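Asker: Chains as they are written, first to last, in the numbering used here: chain A, 1 to 194; chain B, 195 to 388.
Ideal placement from N, C-alpha and C gives every residue a C-beta, glycine not left out.
Remember, it's a predicted structure, so these values are computed and weren't measured experimentally.
Protein chains: 2
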Amino acid sequence: MSIKKTTLSILFKDLTFTDEEQDLIASKFELRKLKKGEILLHANDVVYHQYYVCNGCLRTYSVDKMGKEHTLQFAIKDWWISDYTAFFTSTQAIVSIECIQEATIYKVSRENMEVLFDKIPKLESFFRRKMEKSFANFQKRILGSLSMSAQERYNAFLNKYPDIEQSVKNYHIASYLGITTESLSRIRKKISKS
Amino acid sequence: MSIKKTTLSILFKDLTFTDEEQDLIASKFELRKLKKGEILLHANDVVYHQYYVCNGCLRTYSVDKMGKEHTLQFAIKDWWISDYTAFFTSTQAIVSIECIQEATIYKVSRENMEVLFDKIPKLESFFRRKMEKSFANFQKRILGSLSMSAQERYNAFLNKYPDIEQSVKNYHIASYLGITTESLSRIRKKISKS
DNA sequence: TTAATTTATTATCCTACATCAATTTTCACA
DNA sequence: TGTGAAAATTGATGTAGGATAATAAATTAA
């Protein structure tokens with residue numbers, strides 16, 4: 001069994017499991033190590049999996065027609081990541097997933113999720129709540145992009161991902177904020193002087 | 195029974211129902227007429243309902259600390275609307291819902307949704323799929339806000355909400371796009387000349 | 001450790017969109 | 001049907017953040 005009880009309690013927080021449930025979950029989760037720069041999912045691939053990040057850092061991003069990258073989100077320790085839009089419907093990914101800091105992850109397929117949901121219904125509510133939070137975050141992000149300046153968005157980013165700065169490049173942050181690295185540089189300078 | 199079979203088939207598309215199911219649904223849906231300017235939901239209210247738009251036009255928006263309005267989305271004929279972020283958890287709304295063109299809607303409470311899901315499971319999948327689509331739209335909107343110019347976003351808006359222009363004011367559209375009415379005016383002029 | 005390369009900063013100039021102010025157009029309703 | 005208010009347009013000017021280019025700092029490789 002690759003997953004220990006303590007690990008499970010981190011993954012699923014307040015949920016507790018019987019030994020059988022634990023074994024079943026363990027049999028469906030695959031542990032993987034990722035090197036920096038590795039692409040877990042390419043845009044246009046069909047999405048069969050979602051991933052739990054044990055440590056390290058990943059990001060989802062898309063490339064526009066000008067060749068510019070845009071970061072949709074980062075995932076650090078204890079976050080789940082996938083192209084959920086495509087994952088839900090097993091269709092082609094819009095975004096790619098890249099490892100930007102050496103990471104350990106658990107990989108679960110959509111199929112196996114169904115099996116788990118069927119056998120352990122509380123997992124289904126767990127993931128439903130996750131999705132609801134994710135939905136709420138997207139909503140807030142849209143409102144933020146409509147109402148906040150680049151500097152305010154940067155502060156919101158630091159709040160949302162504390163301690164992430166050492167894991168990601170400035171240009172990743174810039175591509176998340178929708179600005180250039182030069183602008184981010186100026187914002188950081190301005191903040192440091194105040 | 196306030197809802198007819200034909201109405202239900204519009205509401206739930208490809209789903210079909212027995213007479214009992216139909217009666218049950220009808221008993222949980224409340225028909226309402228809204229006047230232009232009516233506020234269906236105020237930010238900070240607890241959200242107990244979601245709404246189906248038969249005709250007319252509503253929008254969800256929030257007001258930032260500068261007093262500026264930002265439109266999160268519009269809902270026209272055959273759209274569902276609520277502050278889903280708050281609806282999911284019966285918590286306080288972040289956005290308000292305003293009727294911007296005289297409308298007829300169906301109102302359903304979260305509680306009654308649970309009853310319906312329990313008795314008619316296919317409704318639960320129906321709404322799950324709706325949410326997934328909504329999630330996907332939010333994701334696309336974020337990527338759009340990162341990668342597109344105001345003019346491109348305006349075109350994307352026209353695509354997403356065809357025939358909506360006669361229902362909404364320019365300043366509603368502007369507040370959806372994250373620009374001023376003046377800028378929108380210039381964009382429209384530019385487009386009309388090309 | 002140095003050299004090579006990647007990343008971040010800074011400076012200059014530029015552009016998309018904002019702000020403010022003045023009209024013009026549209027629309028509600030008396 | 002005319003009139004006042006709301007909405008949209010236009011113009012002048014300002015500004016946040018973009019583009020380009022040069023330099024500096026930090027990583028990585030050798």
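Got a sec: is the Cβ-Cβ distance from A:LYS68 to anything in chain B below 8 Å?
Answerer: Interface residue, yes.
Asker: Please list, in chain order, the chain B residues whose beta carbon lies closer than 8 Å to that of A:GLU111.
Answerer: Here the premise fails: no neighbours, minimum Cβ distance about 17 Å.
Asker: Determine whether the beta carbon atoms of B:ILE288 and B:ARG253 lie at a separation below 8 Å.
Answerer: No.
Asker: Can you pull the chain B residues whose beta carbon is under 9 Å from the beta carbon of A:GLU132, in chain order?
Answerer: Residues of chain B passing the Cβ test: TYR278, THR279, PHE282, THR283 and MET325.
Asker: Give the DSSP-derived three-state secondary structure of B:PHE211 in the structure shown.
Answerer: Reduced to three states, the DSSP call for B:PHE211 is coil.
Asker: Taking the runs of the beta strand (DSSP E) that are 3 residues or longer, which of them lie wholly in the segment 307–369 of chain B?
Answerer: Whole beta strand (DSSP E) segments, 3+ residues: zero.
Asker: Could you check the C-alpha separation between A:SER9 and A:ARG153 for me, to the nearest Å?
Answerer: Near 33 Å, if we compare the C-alpha coordinates of A:ARG153 and A:SER9.
Asker: Please report the residue range of the alpha helix (DSSP H) in which B:GLU376 lies.
Answerer: B:GLU376 -> alpha helix (DSSP H) spans 375–386.
Asker: Taking only heavy atoms of the ligand NAP into account, decide whether any of them is closer than 7 Å to the Cβ of A:HIS49.
Answerer: Among the components of this structure there are no ligands whatsoever, and the ligand NAP is therefore not found.
Asker: Less than 8 Å between C-beta atoms, sequence neighbours within five positions excluded: which residues of the same chain meet that for B:ARG380?
Answerer: Cβ neighbours of B:ARG380 beyond the five flanking positions: none.
Asker: Can you give the Cα-Cα distance for B:LEU228 and B:GLY250, rounded to whole angstroms?
Answerer: Cα to Cα, the separation comes out at about 9 Å.
Asker: Quick check: the segment 317–337 of chain B against the segment 123–140 of chain A, are at least 3 beta-carbon pairs closer than 8 Å?
Answerer: In short, these stretches touch, since the Cβ pair count reaches three.
Asker: For A:LYS28, name the three-state secondary structure that DSSP assigns.
Answerer: In the structure shown, A:LYS28 sits in a helix (DSSP, three-state: H, G or I).
Asker: If you draw a straight line from the C-alpha of A:LEU72 to the C-alpha of A:ALA174, how long is it?
Answerer: About 11 Å.
Asker: Thinking just about the alpha-carbon of each residue, which of A:LYS119, A:LYS77 and A:ASN44 is nearest to the one in A:SER90?
Answerer: When each option's Cα is compared against that of A:SER90, the closest is A:ASN44.
Asker: Would A:ASP64 count as contacting chain B if we go by Cβ distances under 8 Å?
Answerer: Taking Cβ atoms only, chain B reaches closer than 8 Å to A:ASP64, which makes this a yes.
Asker: Output the distance between the C-alpha atoms of A:LEU158 and A:GLY144, rounded to the nearest integer angstrom.
Answerer: Looking at the two C-alpha atoms, the distance is approximately 14 Å.
Asker: Below 7 Å on C-beta distance, what does A:ALA136 contact in chain B?
Answerer: Neighbours of A:ALA136 on chain B, chain order: THR279.
Asker: Would you say B:ILE233 lies against chain A (beta-carbon separation less than 8 Å)?
Answerer: Not one chain A Cβ lies under 8 Å of B:ILE233.
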